[in-house]
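Chemist: Take this structure first; my questions come after.
Chains as they are written, first to last, in this note's numbering: chain A, 1 to 112; chain B, 1 to 112.
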C-alpha cells in the first residue's frame, strides 16, 4: 500500500511570495489533515477535511493560508503572501476512519 | 484542557540498552494514544496506536503501554540501536472532533 505523498520536499522563497504544497493521501482514506510543525514543537493542525468538506480550520490563518480538496482525494495548501514565521515543515496526514493517522514525508519551507 | 507532556526531553544511551520513554496526559477521556518517530527535518512515522480500551501494543523491539486512569503511557525500546536515534512523539486523540494533542517529544541518541 502506497503511503501519503507530498511535494515538493523542500521549498525556499522570499517573504511576500506565494507557495503551494500538494498532498495525495493513502487510497481510500476519507480524512485528510494539514499540519504545521515549527522546529522543536509538536505539529499544529491547520485544517482537517472529511472527503471534500472542511471539518476543522480553526487554526488556519485564513488571511494568508488556503486549502482545498476538490475531488475528495488529493489536496493543496497555499500560502499567499508568505511571512518569515511561516518557515516550518508542513505535514499532510490521512486517516481511514478518523483514528490512526499516517503522515507523509513533509515539505520543509524556508522563508527568507 | 488536555495537555500532553513527555519526559525526558532528551536522552542519550549506549547501544544495546533497554530504555523507557514517558508520556503523560491530563484528561483520561481519550479515544487512543499514538507513538510516532520523527527523523530530523522529516515526516512522522506511526509506531504504535493503543486504543483507549487496550493496555499495550507491541511491534518488534517496541512495546507501548497505556494506563488511562493515571494518564500515562510508556514506550519501551529493547536492545537499542544507533538507527533508533530520532525524536519520539506521543499524541492523544480526544474531544468531539477527535483532534490529536501532541507532546513536544523526546530526542533520543543511541551511541555506538
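All residues carry an ideal CB built from backbone N, CA and C; glycine is no exception.
Return the Cβ separation of residue 21 of chain B and residue 58 of chain B in integer angstroms, given the expectation that the two are a contact with Cβ distance under 8 Å.
Modeler: Here residue 21 of chain B corresponds to residue number 21 of the second chain, with the count starting at 1. Here residue 58 of chain B corresponds to residue number 58 of the second chain, with the count starting at 1. That pair is no contact at about 15 Å.
Chemist: Going by C-alpha to C-alpha distance, which of B:82, B:35, B:24 and B:55 sits closest to residue 14 of chain B?
Modeler: Counted from its first residue, the second chain places residue 14 of chain B at position 14. Nearest of B:82, B:35, B:24 and B:55 to residue 14 of chain B, Cα basis: B:82.
Chemist: Among residues of its own chain, excluding the 5 on either side of residue 13 of chain A, which ones have a beta-carbon nearer than 8 Å to its beta-carbon?
Modeler: On the first chain, position 13 is the one that residue 13 of chain A refers to. Answer for residue 13 of chain A: 19, 82, 109, 110, 111 and 112, listed in chain order.
Chemist: Under 8 Å Cβ-Cβ, which residues of chain A neighbour residue 31 of chain B?
Modeler: In the second chain, the residue the question calls residue 31 of chain B occupies position 31. What residue 31 of chain B touches in chain A: 99.
Chemist: For residue 106 of chain B, tell me which candidate among B:7, B:42, B:84 and B:51 has the shortest Cα-Cα distance.
Modeler: Sequence index remark: in the second chain, residue 106 of chain B carries index 106 (1-based). It is B:7.
Chemist: Within this structure, are the beta carbons of residue 22 of chain A and residue 67 of chain A separated by less than 8 Å?
Modeler: One-based indexing of the first chain puts residue 22 of chain A at position 22. One-based indexing of the first chain puts residue 67 of chain A at position 67. No. Outside cutoff.
Chemist: Determine the contact status of residue 86 of chain B and residue 51 of chain B, defining contact as a CB-CB distance below 8 Å.
Modeler: Counting from 1 along the second chain, the entry for residue 86 of chain B is found at position 86. Counting from 1 along the second chain, the entry for residue 51 of chain B is found at position 51. Contact: no.
Chemist: Quick one: Cα of residue 79 of chain B to Cα of residue 111 of chain B, how far?
Modeler: Counted from its first residue, the second chain places residue 79 of chain B at position 79. Counted from its first residue, the second chain places residue 111 of chain B at position 111. The alpha-carbon atoms of residue 79 of chain B and residue 111 of chain B are separated by roughly 12 Å.
Chemist: Since residue 55 of chain A is in the beta strand (DSSP E), which residue starts that stretch and which ends it?
Modeler: The count along the first chain starts at 1 and reaches residue 55 of chain A at position 55. Per DSSP, residue 55 of chain A belongs to the beta strand (DSSP E) from 53-56.
Chemist: Determine the contact status of residue 25 of chain B and residue 95 of chain B, defining contact as a CB-CB distance below 8 Å.
Modeler: Working through the second chain from its first residue, we reach residue 25 of chain B at position 25. Working through the second chain from its first residue, we reach residue 95 of chain B at position 95. In this structure, residue 95 of chain B does not lie closer than 8 Å to residue 25 of chain B by Cβ.
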